[in-house]
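Enquirer: Protein chains in written order, with full-length UniProt numbering: chain A, 1 to 361; chain B, 1 to 361.
A virtual CB, placed ideally from N, CA and C, is assigned to each residue, including glycine.
Following this line, the structure appears as structure tokens:
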């Protein structure tokens with residue numbers, strides 16, 4: 001694999017479209033390519049500051065806002081407006097601890113939330129009022145699952161669900177009186193399929209345990225979803241190894257398919273990978289695979305199910321053309337961002353077909 | 001665009017890994033390629049049944065379970081165990097309305113949840129006990145945002161967050177005493193960049209309004225995130241049109257980049273698309289673009305920022321090779337699933353470079 005020290009445009013890009021960032025699509029675009037190198041990996045938060053720092057210089061505005069209609073706001077007996085005491089009271093008791101991001105956004109500190117629902121409700125209302133008074137835009141509120149009792153409180157305050165992982169629910173609040181520019185959550189799942197063929201022109205195929213009627217008796221390529229933060233090329237190798245026990249090395253991506261409204265109405269990208277076998281002994285994963293074997297390519301392609309399926313025939317055409325070196329696949333090249341040091345992979349061709357007289361797929 | 005009636009493997013695949021389905025990665029693989037054509041588009045739910053049908057044949061088992069430690073279970077004065085009345089009571093008052101999926105899973109009907117928290121808590125406990133007694137595995141509980149007060153109740157009952165959209169939070173519960181086989185949520189966001197060059201070898205470039213210091217004065221390609229259910233090729237055309245006002249047509253994907261731990265720790269796939277200009281007049285989107293113009297390719301590539309960035313230099317090399325027809329990009333081909341009729345797009349090469357003596361990228 002070629003390895004160099006490069007800019008990870010995706011990293012920089014997407015980081016900038018995280019908390020407090022911009023909405024997917026149009027606005028999301030501004031966040032891409034060599035953008036905001038200062039972004040942190042964790043939250044896209046570029047700067048953190050104390051509430052004290054946050055208060056400086058904006059006290060009168062905040063005060064006007066906070067007391068506009070509540071002289072004895074939230075039952076607290078505030079001193080006269082010349083005193084410093086009420087700011088200390090606000091700072092110590094009401095405004096949630098938070099960091100700012102590069103888009104005038106606020107990221108609430110999930111580790112320093114109030115102890116109980118009543119305090120949280122009071123702080124959330126005060127904080128929104130305060131953040132609005134100081135010109136903040138997007139608010140990111142991550143509620144750990146063990147604070148789930150805060151969810152209805154945040155929703156009542158006007159927060160919207162953004163995304164969730166097993167450990168937390170992320171909610172957002174867009175303060176300005178204009179369309180939200182906050183980015184959308186993840187939109188795709190990614191799958192891989194491995195085309196593994198040996199010197200005897202036998203393809204590595206499997207029969208699945210959990211299959212619809214249409215797959216009865218059908219031998220297919222090993223396939224699966226890539227795991228969190230997994231590379232396409234390593235995911236394909238892993239799937240083949242797990243399902244069949246055969247070790248392989250990645251050659252290239254020969255094609256990919258894009259479908260929509262799939263799982264949870266999200267989209268699906270599926271990459272067909274050419275893999276070179278490094279071993280031949282088969283040991284199936286019995287939790288999901290019924291059987292696996294090396295099958296003559298001709299026999300594999302002649303299966304009625306495949307004969308009736310133009311898409312799979314096309315994929316097989318491509319794989320066969322690739323075998324004959326009449327087709328350009330995309331090989332993987334590791335690159336590292338000089339901004340955040342994270343690795344990413346650029347997939348592209350490294351050469352034209354060797355036999356140019358052949359009929360490329 | 002080639003158009004045929006084909007199997008949408010992604011669609012069938014991912015649908016089978018939805019509610020009640022299998023975990024991402026290994027198990028997820030079983031759900032891919034020509035699998036379970038019977039899956040519904042909405043939830044991957046293949047069959048719906050009434051609680052009455054669900055009860056038949058398993059009453060004694062369920063009863064044993066339900067009354068194991070609660071002779072006067074939940075304060076209800078049940079008749080003796082030979083009577084039918086308590087089943088009617090259970091059916092009418094406690095077990096949540098649900099559908100089953102293809103993996104012995106249960107999908108709770110989000111439109112028929114109990115009216116209040118107390119009733120929900122009671123029904124959830126009773127339902128879990130009941131579903132366990134009848135051998136159910138994964139439980140999918142979608143809570144609309146206007147039922148957010150049910151979230152802490154479900155969490156207390158042992159449900160885990162799975163994913164969230166603005167309108168709802170999806171929670172899951174894996175009943176068997178073994179590792180969960182439920183699929184993961186979406187893992188990727190997808191971005192596009194448009195390389196648009198005219199007959200005078202001028203590239204369409206933009207300067208962004210919201211950019212980090214590193215981008216000051218830098219002219220870059222129009223880029224952005226694709227929108228929900230949007231194609232890569234239409235997303236690239238849209239981004240270019242929105243940012244610059246220039247109409248284009250898609251030629252091919254020349255390369256793509258994969259990065260991890262980006263927005264919300266999800267991964268990012270970024271596709272570089274070659275587009276052919278259909279107009280030249282520039283009209284920028286002032287909400288996010290500072291300026292746009294046609295810039296001589298040579299001048300564009302000579303920008304210090306690009307000169308210092310090997311990755312972008314590689315991308316430009318590829319685009320230039322593609323212009324010289326020395327490079328194979330991946331073109332888009334519409335395909336339709338013969339199972340569910342949904343369209344998907346297969347990206348692959350349609351030919352080898354025309355000039356094989358050139359040095360391909």
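Chain B partners of residue 275(A), CB-CB under 8 Å?
Expert: Within the first chain, the letter at position 275 stands for residue 275(A). Within chain B, no residue comes near residue 275(A); the closest Cβ sits about 14 Å away, beyond 8 Å.
Enquirer: Could you run through the segment 285–300 of chain A and flag, in chain order, every residue whose CB is less than 8 Å away from some CB of chain B?
Expert: 285, 287, 288 and 289
Enquirer: What does residue 334(A) reach in chain B if we use C-beta pairs closer than 7 Å?
Expert: Along the first chain, read from residue 1 onward, the residue named residue 334(A) stands at position 334. Here the premise fails: no neighbours, minimum Cβ distance about 10 Å.
Enquirer: Tell me the DSSP secondary structure of residue 300(A) in three-state form.
Expert: As a working note, residue 300(A) is residue 300 in the first chain. DSSP places residue 300(A) within a helical segment (H, G or I) once states are collapsed to three.
Enquirer: Using 8 Å for Cβ pairs, my map puts residue 362(A) next to residue 147(A). What's the rounded Cβ distance?
Expert: Because chain A here runs from 1 to 361, residue 362(A) falls outside it and cannot be looked at.
Enquirer: Does the segment 167–181 of chain A come into contact with the segment 129–143 of chain A, if we say contact requires no fewer than three beta-carbon pairs (one atom in each stretch) closer than 8 Å?
Expert: Output reads yes: the segment 129–143 of chain A touches the segment 167–181 of chain A.
Enquirer: Using the beta-carbon count (16 or more within 10 Å), is residue 350(A) buried or exposed?
Expert: Here residue 350(A) refers to the residue found at position 350 when the first chain is read from its first residue. Flag for residue 350(A) reads exposed.
Enquirer: Using 8 Å as the cut-off, can you tell me whether the segment 233–244 of chain B makes contact with the segment 298–310 of chain B, which would need three or more C-beta pairs spanning the two stretches below that distance?
Expert: no
Enquirer: Decide yes or no for the touch test of the segment 149–156 of chain A against the segment 248–259 of chain B: beta carbon pairs closer than 8 Å, at least 3 of them.
Expert: With a cut-off of 8 Å, the segment 248–259 of chain B and the segment 149–156 of chain A do not count as touching, because too few Cβ pairs lie within range.
Enquirer: Take every Cβ of the segment 152–162 of chain B, pair it with every Cβ of the segment 192–212 of chain B, and state whether three or more of those distances are shorter than 8 Å.
Expert: Look at the beta carbons and you see the segment 152–162 of chain B not touching the segment 192–212 of chain B: under three pairs across the two are nearer than 8 Å.
Enquirer: Output the distance between the C-alpha atoms of residue 218(B) and residue 206(B), rounded to the nearest integer angstrom.
Expert: One-based indexing of the second chain puts residue 218(B) at position 218. One-based indexing of the second chain puts residue 206(B) at position 206. Spanning the two alpha carbons is a distance of roughly 8 Å.
Enquirer: Name the DSSP bridge partner or partners of residue 168(A)?
Expert: Here residue 168(A) refers to the residue found at position 168 when the first chain is read from its first residue. Residue 168(A) is bridged to 144(A) and 165(A).
Enquirer: Under 8 Å Cβ to Cβ from residue 220(B), same chain only, skipping five residues before and after it: list those, please.
Expert: In the second chain, residue 220(B) corresponds to position 220, counting from 1. Excluding residues within five positions, the ones whose Cβ falls inside 8 Å are 205, 206, 207 and 208.
Enquirer: Can you find the residues in the same chain that come closer than 6 Å, C-beta to C-beta, to residue 127(B), ignoring five residues on each side of it along the sequence?
Expert: Taking the first residue of the second chain as position 1, residue 127(B) is located at position 127. For residue 127(B), where only same-chain residues beyond five positions count, the Cβ hits under 6 Å are 95 and 96.
Enquirer: Can you name the residues of chain B whose CB is closer than 7 Å to the CB of residue 203(A)?
Expert: The residue you call residue 203(A) lines up with position 203 of the first chain. Residues of chain B passing the Cβ test: none, with the nearest at roughly 13 Å.
Enquirer: Could you please give the first and the last residue of the uninterrupted alpha helix (DSSP H) stretch that includes residue 310(B)?
Expert: One-based indexing of the second chain puts residue 310(B) at position 310. Residues 310–323.
Enquirer: Assuming residue 316(A) contacts residue 306(A) (C-beta within less than 8 Å), just tell me the rounded distance between them.
Expert: Counting from one through the first chain, the residue named residue 316(A) turns up at place 316. Counting from one through the first chain, the residue named residue 306(A) turns up at place 306. About 7 Å separates the two Cβ atoms, so the contact holds.
Enquirer: For residue 252(B), which residues does DSSP report across the bridge?
Expert: Position 252 of the second chain, counted from the first residue, corresponds to residue 252(B). DSSP, once it has assigned bridges, lists 274(B) as partnering residue 252(B).
Enquirer: Run through DSSP, which three-state label would residue 202(A) get?
Expert: Residue 202(A) sits at position 202 when you count from the first residue of the first chain. Residue 202(A) falls in the strand class under three-state DSSP.
Enquirer: What does DSSP give as the partner residues of residue 263(B) in its beta bridges?
Expert: One-based indexing of the second chain puts residue 263(B) at position 263. DSSP, once it has assigned bridges, lists no residue as partnering residue 263(B).
Enquirer: Might you give, ordered along the chain, the residues of its own chain that have their beta carbon closer than 7 Å to the beta carbon of residue 312(B), omitting 5 neighbours on each side?
Expert: The residue you call residue 312(B) lines up with position 312 of the second chain. For residue 312(B), where only same-chain residues beyond five positions count, the Cβ hits under 7 Å are 306.
Enquirer: Going by DSSP, name the residue or residues bridged to residue 291(B).
Expert: On the second chain, residue 291(B) is found 291 positions in, with the first residue counted as 1. Note: residue 291(B) sits in a beta bridge opposite 207(B).
Enquirer: Taking the C-alpha atoms as reference points, what is the distance between residue 132(B) and residue 119(A)?
Expert: Residue 132(B) sits at position 132 when you count from the first residue of the second chain. Residue 119(A) sits at position 119 when you count from the first residue of the first chain. Taking the straight line joining both Cα atoms gives about 38 Å.
Enquirer: Alpha carbon to alpha carbon, how far is residue 182(A) from residue 288(A)?
Expert: Along the first chain, read from residue 1 onward, the residue named residue 182(A) stands at position 182. Along the first chain, read from residue 1 onward, the residue named residue 288(A) stands at position 288. If you take the alpha carbons of residue 182(A) and residue 288(A), they lie about 40 Å apart.
Enquirer: Measuring only the C-alpha atoms, how far is residue 201(B) from residue 318(A)?
Expert: Taking the second chain and counting its residues from 1, the one referred to as residue 201(B) is at position 201. Taking the first chain and counting its residues from 1, the one referred to as residue 318(A) is at position 318. Straight-line measurement puts the Cα of residue 318(A) at about 33 Å from the Cα of residue 201(B).
Enquirer: For the segment 301–330 of chain A, which residues have a beta carbon sitting closer than 8 Å to at least one beta carbon of chain B?
Expert: 305, 309, 310, 311, 312, 314, 315, 318, 326, 327, 328 and 330
Enquirer: Thinking just about the alpha-carbon of each residue, which of 122(A), 116(A), 275(A) and 172(A) is nearest to the one in residue 105(A)?
Expert: Residue 105(A) sits at position 105 when you count from the first residue of the first chain. The residue with the shortest Cα to Cα distance from residue 105(A) is 172(A).
Enquirer: What in chain A is Cβ-close to residue 198(B), meaning under 8 Å?
Expert: Working through the second chain from its first residue, we reach residue 198(B) at position 198. Simply none; closest approach about 21 Å.
Enquirer: In chain order, what residues of the same chain have a beta carbon less than 7 Å from the beta carbon of residue 244(A), not counting five sequence neighbours either side?
Expert: Here residue 244(A) is taken as the residue at index 244 of the first chain, counted from 1. If we look at residue 244(A) and ignore the five residues flanking it on each side, its Cβ neighbours are 204, 206, 222, 282, 284 and 292.
Enquirer: If contacts are defined as beta-carbon pairs under 8 Å, then residue 190(A) and residue 269(A) qualify, I think. What distance do you get, rounded to the angstrom?
Expert: For the purposes of this step, residue 190(A) is identified with residue 190 of the first chain, where counting begins at 1. For the purposes of this step, residue 269(A) is identified with residue 269 of the first chain, where counting begins at 1. Contact flag correct, Cβ pair sits at about 5 Å.
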